[in-house]
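K.L.:
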Amino acid sequence: MLRAVGRGIRRQIVRRSSGVRLTSGAPRIPWLCPSPYVYHKPIRWSSSNARAISLPSETPPKHTDRSYSTAAAALELEDIDTSAIFPPLRRDAAPYSIPIEPLEPLDPSQLLVFEPPAAPEEKCMRKSTAGVSSDKAEVLATFNACIKVGVLARAQLMLEQITKNCIEERDTVVLVDAHNIFLKALLDQYSDSGNLSELKVFFMWFENKMRVEYSIKGDATTFALLLKGSLNIPAAEASKRYLAEYINLWRYSGRNIVDVLESAVLNNEEVLKIAKICHLRIGELSATCREMMKEQRKSRLEPPILAVPDAKPTPVKGPGLAAVKSSLRSLIDPDHMPFQEYDINLNDKEFQIERQKLLEEHAFDSARERWKRDFESLSERGVIKQDAEINSLLWEWHQALVPLIHEELKRVQHAEESGTKAAGAVDRCFYGPFMRVIEPEKLAAITIIELLRTHTLNGVGAGLKASRAVLQLGREVELEYQAQEVAKQRGEGFFANMSKAELETIFRDRSAFRNLISKSKSASDLDFEEIPEWPNTVKVKLGGVLISMLIHVARIPVEAAVPGLTEGTESSEKIVQHLPAFQHCYEYQRGRKLGVVKLHPELVKRLGTDDLNFTAIGKSLPMVVRPLPWTDWDEGGYFYTRSKVVRIRESVEQRQYVKAAAERGHLDHLFAGLDVLGRTAWRINRRVFDVVLEVWNQEKAFAKIPALNPDINFPLEPEPNADPKVRWEWAREMKRVNTARKNNHSTRCDVNFKVEIARAFLFEEFYFPHNIDFRGRAYPIPPNLNHIGNDLSRGLLMFSEAKEVGETGLRWMKIHLANLAGYDKASFSQRVAFTEENIENIHDSAENPLTGNRWWLKSDDPWQLLASCFALNEALSLNNPHEYKCHIPVAQDGTCNGLQHYAALGGDVAGARQVNLEPSDLPQDVYTGVAELVKASVELDAKRGLPAAVALKDLVTRKVVKQTVMTNVYGVTFIGARNQIENQLKCIESLDQKDIPALSLYLTKKVFDSIQEMFTGASAIQDWLVTCAKRISRSVRPNQLEHLKDPKTGEDSVHFMTSVVWTTPLRLPVVQPYRQVASAAISTNLQTVYINDPYVIDKVDSRKQMTAFPPNFIHSLDASHMLLSALNCDASGLTFASVHDSFWTHPSDVDEMNRILRDSFVALHGKDIIENLKAEFEERYKGFRTLVKVIANTPCGKRIKLARRNYAIENLGRPKLTAVEDLQWELKRWALMQSHDHDDRKIAAEMVTPSVILEKYGGLKVNELAENTGKLGLSVNDYGSPSLGDQSGDEGSIVDQEDILGPAEESDDGYEESAPLDEDMVLGGMEEGSRMLGTAGDEDIDLDDASTKKRSRARKELDEDGNTIPRDNGSAKGTLKPKQAHIATLNVWVELKFPDLPPKGLFDVNLLRKSEYFFS
Amino acid sequence: MTAASIFRRSADESIAHLRSLISPYALSRRSKLPPSLVNWQICDPIMDKLNLLAYKKTTIIDMNPNLGVFSAALHERLQPKQHILLEPEEFYGDRMREFQKTYKNSWYIPLDGYDWNTYNQLFSDNPPPPPWPDNFPKPRIQATTSPDDVNSDLLFVGHMGKSEKSERLIAQFINCCALGTWIQQYGRVRFLLWVPDSIKDRYLPRSIASRARPAASAEAVVDITEVASSNVIRTGRGFQKLPEINPDNVEVEEKRLTSIKPQERKVKIKKKLVIRQKMVEDEIKKLVAELCPGLTPTTRGRPKKLPSKEQKKLEETRARVRELVEAIRNEEPILPASIPCKERVTVLNRCDEIRRRFEHKKGAEEEAEKIP
DNA sequence: GGATTCTCTACCGACAATATCATTAGGTATTAA
DNA sequence: CGAATACCTAATGATATAAGTAATAGAGAATCA
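First to last, the sequence lines map onto chains A and B. Counting in the UniProt record's numbering, the first sequence runs from 1 upward without gaps. Counting in the UniProt record's numbering, the second sequence runs from 1 upward without gaps.
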């Protein structure tokens, strides 16, 4: 069995490995070198890979990898119970034996490393000649599309361009693949037509083009095709000759014919035929080959499709297509009760799979059918048009759109054939092939649905951004195409024809499933490794055409009164006009032009009121069966709809890393975790749904559902001649009201969608496939309605499975209810008491949700509360409430989860207590804690009579500081925090509004100080992270110097291209995508659209890299924690769902889940995360050089200046040194130091570069300009060596030349010289922390930190030099205001090293195992 | 040379010196700050041209007077009842204080003319808060009997920069004219503003094509005229509105070319040399065609071969013209003397035109008179 | 390379400005040698 | 055929657009000489 698997996958993996161009793999075509994108180091195959390539003849792989080996063993040995294909619980047979521990950090040699280009790449030149672009991705996609629709002439054009590109880029893999695909297409064409001249073309292509013109030798597949072609030659003699010729040619290049015969292109009969004709001895066929033949006859595991590649789809088994369709009617037709017509067993998985397939494949068809039905029934009834359901309108649009598309396709064909350069013709050549791959009817439906959907999701009131709409539509079309392709690959019977055992396997054993998929890929047809993605150019152009056609066609009946005879009156007569439903125009936003597609107000109104009836629900719906397990970076979840496991933002870099990680099996735990999330079954809470529906139809504002026509208080317009300021304030208020109204409407549309989806799935059990963002946080893929949505979404959803609550469960239900009611800060027993006190209210809410006293509406989360009320009420109405079977999930939320991780990392005792890491009788609340601290400090100030403090004395509340504390984790800046606090203070009436800016400024300082005081260690870590990110993002790779030439100017220049990359405990490589964006213009029928060009890797945005790193890192941790917990919960048989830092399970399982959460957290932090991070950084950025700022006005700085000057004069004949030259100097020394030659090293030792001088004077710790200290305080540079010096004694005197040039052993001399100790400056980390605690508020010391002092010291020196004249800062402002004392700095290239880790606090994570309120 | 001397308009205060008083950044092309008039000699011709006779005992609101050169001239000419200098930049503080000392009835208020509050404080009935001096006499402006009359009790002058702020402010001014709000409630109050070309072009477009919304809407409510502009050649299409004041005198905030040493310029121009080669060639061709009629090709293709003598003449002419055109392009102040007299005339006749082609654009101000 | 001014200001899911005119580069047609 | 020229077009770069910024402060990036 395994052998069979092995054969299928072998080719796959080999191709794949060359697909990422490993340096270790020899390029297939000798004259081509590997591409510049290479792994930093040769790969060591991980065990999982080794298993994957193991040859069939070998014994099964060693059980190095626990999870897989057990699964594989299970596959063979287990006696599978056919009745339990998808057991709801797998407690007994845990499918993945995941260690509870997070993974060990990667061996350094296993780190994934990709080098970004040395300089910003040039924007893709889209030089197009005769409609052939030179953009590789674009041509590739076009080529693919042309092949799919059989337009070979055009495909050939594309192929020629691809060949050019590939040869330039030395991309041999794609090159050969493309030619193979083309050959295959030619051959297929011949088989269809039987026209001999076509066969000739086939051979000519290989002989003339490939071999002669391009010198492509071809791979096994090429030759397999050639053999196949030769077989097809009718004349037996010729056929034989050709065969012999090609076999010889192949052998001549020293390769084994077996490889060719094993190719999936040739089926067994053909192989045998060839063997016979050419007298290949059977012995020459490899064991694999023979084995293969035997197996194919009696294969049990392999679906038939694998045995016969061209197999016709087998008829659907089971209840039949009609039944499946009928069962989905409920999704289309709200009046239809499913499952009534057929006797269907809902547990029949094959049936369910068919349904899912249908759902994905025919979502658009279904919508169309529904429109048509509505339209027809309407005509029968003869209803007046403008009252018609929106669906019939859509049907009209659709009917009008289809002929237009046909017409356009004709024009495309004309354009392609004529080859004119007429306006539009060139564009048509671009998008034409892509337009053809999907049938016009479907295309029309997608257009209509997507435009409406995009409007509800992102619309700005009556319009939506054209650029957005166009791209979105293009993307959706692509998605549909991909689904089509996947469906084709997997064939009709891919799932349906599997035996139950195989079906079982899919969900049990990832690797087995993976093999199955790759087999289906290789067997179905010759194809690219992955379906080429459509470039944005294509998507946008295609979207543009479709939308402009829809705009042209779509009309909406609008009723209007005919004006009366006299002016200003209306006659009672009404007329109906058919007005354009959409309109394209431009708006100005802050003086910038913005293309907008506007919807007619009537249409907008309809979208907010009409039943959408599945009108506009496209793809990405919840699934009716369990999502497929993730097997690759783009394989998993939906059956046919392709989704990526990581939501990469069109970043090539991220994709590289994720792909490589997936390939090496690093992501398997992550996949497993996501699978767990995906297999949580949900259903709609019917009772809540009914209430929602009722409320919805009332069209009034209720429980966060906005009213259809909200009463809006438009501010009174002031007199036209009022003061401009007054008028302006009015205008601003109007703007605010208007945006509020727009928001109101779009929320309403959103609710409409949610309700509609809920209605469609009312009788279903469904699942959310999940993927992750680039940090690893998981999100359900279906938009609109999912459990991380708003309160309404959450209220509508519940677990499909019900579990008996038992005693503890009931208690948790009560606690949960109290939480939802806002009573979540008390102890558990108090919360229970709260619920019990409110039992009447709960009863009332449940019994009469709308007519009673509506207690549930008071909550911030009314719908979830209502759901809880229903459940609890029901439970309590039982004789024995403990027997209640509960569907409602109970949520456990971390108290400021980010801070929890920070506190654990930093070992902050006080902080840990505040975020409930420490056991406590009562839950702690950080916000209150910080507020108290601030309050104390303010009161102290008030006593001293500080006016701001006096004003604020009694106003410091939890509410005021909450947002700031929360966002602190996200790196909020001082100003940002000040704004938050200002907004809070504005709500306090007793304050004079005029004073608020000043007060908020004061208070913000206090809040920042308090946070820092409470989370000392955390703050230090935050700063450490920032410093690391800063150094990384301002660093260059050593070999980057070879490509210093700026492509644009041709001059030498240094570009910072390094982004921060790290690996999470679950081995996800995280790449921060922040770079400067290059935007590209794409002209469409509608307008020119400007989008970011994803293909260029540009300079890093170092600010963003810096500010985002700490939150991203923490998020990557909490994501790991979540997935770890998910795996463990699953292993214990719990149903599990999560919203990042909120974890859900059945009431009865909450205790168990909490235990798991705590254990996972401890396990995660049990490893020294930060230490590992540092180690990874050191490995990853080994030898990099970074540019640091050094205070210039010190002996050290002066020496550097002098040395630079001397060097420049000596070597360049001028006194100045450019940054590049400086770097080259440093690198020269560095290179010499690495040399094996003793003399070289000696020379290096004698070189005195700026970095050497810096080192001599105590290095960065002493001399670096302290920065990024504003946020949480301490500069990282202040840890470690207490050698902070005041050089006043040396002021102005430049150290002797000999001293610098002297032998290296004098180094401590320089050190000493620069470091006469100044008591004030000696601040160790711990001392610092404790001192601050003790002296907070003491004016003399005043929380000043060493870095500030360093700054002030530098300033002082400046003053002494007389460079800056202190000015009184009057009311001057603007650019000419007196300058701040400016600190002169020098830039020095130093080796990229990372600061010492801040000392960890004393908190022991293990304590938290007993902390009840850790998550609550 | 004291700061005060300029206010007495002694001729010994050179323009160069005045320029040196401005912060270097404000002089740089990147600056969007309100620029400052330094050529005090043109103030009189400008005011001669403006009919200011009606402005007796008037109140002047002076926004961003900066160095105060224009303000001083205006003050001397009008002898206003009150001259309010709204200058928020502390940088000019000393000079403003000097101004206040020199000219009676002038009040230096370090507030921003952009802020509505400034005017609210000025016109409200309450005594104005601190930055305004205690003894500040409030202007009592009488509204004209008809809102269509020009109010000669009030005159608004100022320097506007290229900043977004300035642009917005002018848009607001016009809006106020339309609504009759703000100081326009007192009747039609005239504005006398120095504005950058970019702003002027918006309201006084140089071609039909560039006449966009702001121009149209402004025309509906205000009269805008260009009073004086620098002798800078304007780029782009559209007609060239020639300065109406003696162009040689209107030297506004421009860095003199003479201050740049030749070597430095070469470095700076280097890019242009490469970039605008085509333009130079085109100009040369045109000029050579003019200078050597009959020798230049008239047909499309390859030119006929000329007798070597004529060929040589052509080459020489071309070389000289090249020198000349490149000089113009390089903004060299003195044209090379290598060209014979007759030709020189021809070339110089077209000099302006060529200059315009090379758009020697500097930060220049326009003075626009607005008569609401 | 240094001083000065400009920009931006909380993470993620989530994603975006365009038309127009001036100028040049580069290809094609045209002509004469 | 190559050579020299004009003409034409696609590609690139610069600029305008709207029109209250409101006021905080500090670090990093960009820009100019």
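Positions of the beta carbon are idealized from the N, C-alpha and C atoms, including for glycine.
Taking a contact to mean a Cβ-Cβ separation below 8 Å, would you say Gly776 of chain A touches Thr1064 of chain A in this structure?
P.N.:
Along the first sequence, read from residue 1 onward, the residue named residue 776 of chain A stands at position 776. Along the first sequence, read from residue 1 onward, the residue named residue 1064 of chain A stands at position 1064. Cβ distance < 8 Å, so Gly776 of chain A and Thr1064 of chain A count as in contact.
K.L.:
What separation, rounded to the nearest whole angstrom, lies between the Cα atoms of Asp1396 of chain A and Arg1031 of chain A?
P.N.:
Here residue 1396 of chain A refers to the residue found at position 1396 of the first sequence. Here residue 1031 of chain A refers to the residue found at position 1031 of the first sequence. So the alpha carbons of these two residues sit roughly 14 Å apart.
K.L.:
Does chain A have any CB closer than 8 Å to the CB of Ser20 of chain B?
P.N.:
Counting from 1 along the second sequence, the entry for residue 20 of chain B is found at position 20. No, because no Cβ of chain A sits closer than 8 Å to the Cβ of Ser20 of chain B.
K.L.:
At which residues does the beta strand (DSSP E) containing Ser1083 of chain A begin and terminate?
P.N.:
Within the first sequence, numbered from 1, the residue matching residue 1083 of chain A stands at position 1083. Looking at the DSSP string, the run of the beta strand (DSSP E) that includes Ser1083 of chain A is 1079-1083.
K.L.:
What are the start and end residues of the beta strand (DSSP E) that includes Gly68 of chain B?
P.N.:
Start at 1 with the first residue of the second sequence, and residue 68 of chain B comes out as number 68. Neither: Gly68 of chain B is in no beta strand (DSSP E) and is coded neither H nor E.
K.L.:
Taking the CB atoms as reference points, tell me whether Thr835 of chain A and Lys803 of chain A lie closer together than 8 Å.
P.N.:
Within the first sequence, numbered from 1, the residue matching residue 835 of chain A stands at position 835. Within the first sequence, numbered from 1, the residue matching residue 803 of chain A stands at position 803. Contact: no.
K.L.:
Let me see if you follow: with CB-CB separation under 8 Å, is Asp723 of chain A close to chain B or not?
P.N.:
If you number the first sequence from 1, residue 723 of chain A lands on position 723. Yes, its Cβ sits closer than 8 Å to a Cβ of chain B.
K.L.:
Taking only runs of the alpha helix (DSSP H) that begin and end inside the segment 777-816 of chain A, which ones reach a length of at least 4 residues, in chain order?
P.N.:
Complete alpha helix (DSSP H) runs here, min 4: 791-796.
K.L.:
Contact between the segment 142-157 of chain B and the segment 202-209 of chain B is defined here as three or more beta-carbon pairs at a separation below 8 Å; is this criterion met?
P.N.:
Contact fails: fewer than three Cβ-Cβ distances are below 8 Å.
K.L.:
Take the Cβ of Met1233 of chain A as the centre, count every other Cβ of all protein chains shown within 10 Å, and call the residue buried at 16 or more, exposed below.
P.N.:
Here the question's residue 1233 of chain A lines up with position 1233 in the first sequence. Flag for Met1233 of chain A reads exposed.
K.L.:
Classify Arg649 of chain A: buried if its beta carbon has 16 or more other beta carbons within 10 angstroms, exposed otherwise.
P.N.:
Taking the first residue of the first sequence as position 1, residue 649 of chain A is located at position 649. Exposed.
K.L.:
Identify the continuous alpha helix (DSSP H) that holds Glu1246 of chain A and give its terminal residues.
P.N.:
Along the first sequence, one-based indexing puts residue 1246 of chain A at 1246. That run of the alpha helix (DSSP H) goes 1238-1246.
K.L.:
Of all Cβ atoms in chain A, is any one closer than 8 Å to the Cβ of Lys271 of chain B?
P.N.:
In the second sequence, residue 271 of chain B corresponds to position 271, counting from 1. Residue placement at Lys271 of chain B cannot be trusted, given a pLDDT of 35 that sits under 50; what the coordinates show is reported in the next sentence. No - not a single Cβ of chain A is within 8 Å of the one on Lys271 of chain B.
K.L.:
Rounded to the nearest angstrom, how far is the Cβ of Gly158 of chain B from that of Lys32 of chain B, given a contact under 8 Å?
P.N.:
Sequence index remark: in the second sequence, residue 158 of chain B carries index 158 (1-based). Sequence index remark: in the second sequence, residue 32 of chain B carries index 32 (1-based). Gly158 of chain B to Lys32 of chain B, Cβ: 15 Å. No contact.
K.L.:
From Lys742 of chain A to Ile1169 of chain A, what does the alpha carbon distance come to, in whole angstroms?
P.N.:
Counting from 1 along the first sequence, the entry for residue 742 of chain A is found at position 742. Counting from 1 along the first sequence, the entry for residue 1169 of chain A is found at position 1169. Rounded to whole angstroms, Lys742 of chain A to Ile1169 of chain A spans 46 Å at the Cα level.
K.L.:
Would you call the CB atoms of Pro131 of chain B and Ile109 of chain B closer than 8 Å?
P.N.:
Within the second sequence, residue 131 of chain B is the residue found at index 131, counting from 1. Within the second sequence, residue 109 of chain B is the residue found at index 109, counting from 1. Yes, these two residues count as a Cβ contact at 8 Å.
K.L.:
Relative to the C-alpha of Trp696 of chain A, which candidate in A:Val553, A:Arg647, A:Glu262, A:Val755 has its C-alpha closest?
P.N.:
What you label residue 696 of chain A is simply residue 696 of the first sequence in a count that begins at 1. The residue with the shortest Cα to Cα distance from Trp696 of chain A is A:Val755.
K.L.:
Using 8 Å as the threshold, is the C-beta distance between Glu533 of chain A and Ile1097 of chain A below it?
P.N.:
The residue you call residue 533 of chain A lines up with position 533 of the first sequence. The residue you call residue 1097 of chain A lines up with position 1097 of the first sequence. It is not a contact, given that the beta carbons lie outside the stated cut-off.
K.L.:
Once the 5 residues before and after Val267 of chain B are set aside, which same chain residues still bring their CB inside 6 Å of it?
P.N.:
Position 267 of the second sequence, counted from the first residue, corresponds to residue 267 of chain B. Reliability of the predicted coordinates at Val267 of chain B is poor, the pLDDT of 31 falling under 50, and the value obtained from them is presented with this limitation in mind. For Val267 of chain B, where only same-chain residues beyond five positions count, there are no Cβ hits under 6 Å.
K.L.:
On the DSSP bridge list, what partners appear for Arg555 of chain A?
P.N.:
Counting from 1 along the first sequence, the entry for residue 555 of chain A is found at position 555. DSSP, once it has assigned bridges, lists A:Pro580 as partnering Arg555 of chain A.
K.L.:
So for Glu254 of chain B, helix, strand or coil by DSSP?
P.N.:
Taking the second sequence and counting its residues from 1, one reaches residue 254 of chain B at position 254. Residue placement at Glu254 of chain B is flagged as unreliable, the pLDDT there being 35, under the threshold of 50; the coordinate-derived value follows with that caveat. Note: Glu254 of chain B maps to coil in three-state DSSP.
K.L.:
With burial defined as no fewer than 16 other Cβ atoms inside 10 Å of the residue's Cβ, what is the status of Cys749 of chain A: buried or exposed?
P.N.:
Looking up residue 749 of chain A in the first sequence gives position 749. With 16 or more Cβ atoms within 10 Å of its Cβ, Cys749 of chain A is classed as buried.
K.L.:
Pairing CB atoms from the segment 948-956 of chain A with CB atoms from the segment 918-928 of chain A, are three or more of them under 8 Å?
P.N.:
Taking 8 Å as the limit for Cβ pairs, the verdict is that the segment 918-928 of chain A does not touch the segment 948-956 of chain A.
K.L.:
What is the DSSP secondary structure of Glu245 of chain A, reduced to helix, strand or coil?
P.N.:
Looking up residue 245 of chain A in the first sequence gives position 245. Looking at Glu245 of chain A - three-state DSSP - the assignment turns out to be helix.
K.L.:
Check the DSSP bridge columns for Thr1063 of chain A and list the partner residues they point to.
P.N.:
As a position in the first sequence, residue 1063 of chain A is number 1063, starting the count at 1. Answer by DSSP bridge pairing, in chain order: A:Pro1069.
K.L.:
What in chain A is Cβ-close to Asn120 of chain B, meaning under 9 Å?
P.N.:
What you label residue 120 of chain B is simply residue 120 of the second sequence in a count that begins at 1. Those are Asp723, Lys725, listed as they occur along chain A.
K.L.:
In this structure, what does DSSP give as the bridge partners for Lys593 of chain A?
P.N.:
Your numbering for residue 593 of chain A matches position 593 in the first sequence. BP columns for Lys593 of chain A point to A:Tyr588.
K.L.:
Where does the unbroken beta strand (DSSP E) through His770 of chain A begin, and where does it stop?
P.N.:
Taking the first sequence and counting its residues from 1, the one referred to as residue 770 of chain A is at position 770. Here the beta strand (DSSP E) through His770 of chain A covers 770-772.
K.L.:
Just by C-beta distance, which residues in the segment 148-164 of chain B are closer than 7 Å to chain A?
P.N.:
Within the segment 148-164 of chain B, no residue has a Cβ that lies closer than 7 Å to any Cβ of chain A.
K.L.:
Which residues, in chain order, does the segment 172-184 of chain B contribute to contact with chain A at a C-beta distance below 7 Å?
P.N.:
Listed by position, the residues of the segment 172-184 of chain B near chain A (Cβ gap below 7 Å) are Gln172, Cys176, Leu179, Gly180, Thr181, Trp182.
K.L.:
Just how far apart, CA to CA, sit Thr221 of chain A and Val260 of chain A?
P.N.:
For the purposes of this step, residue 221 of chain A is taken as the residue at position 221 of the first sequence. For the purposes of this step, residue 260 of chain A is taken as the residue at position 260 of the first sequence. One C-alpha to the other measures close to 6 Å.
K.L.:
At least one CB of chain A closer than 8 Å to the CB of Trp116 of chain B: is that the case?
P.N.:
The sequence position of residue 116 of chain B within the second sequence is 116, counting from 1. Trp116 of chain B counts as touching chain A.
K.L.:
Quick check on Ile531 of chain A: buried or exposed, where buried means 16 or more other Cβ atoms within 10 Å of its Cβ?
P.N.:
Taking the first residue of the first sequence as 1, we reach residue 531 of chain A at position 531. Buried, by the Cβ-count rule.
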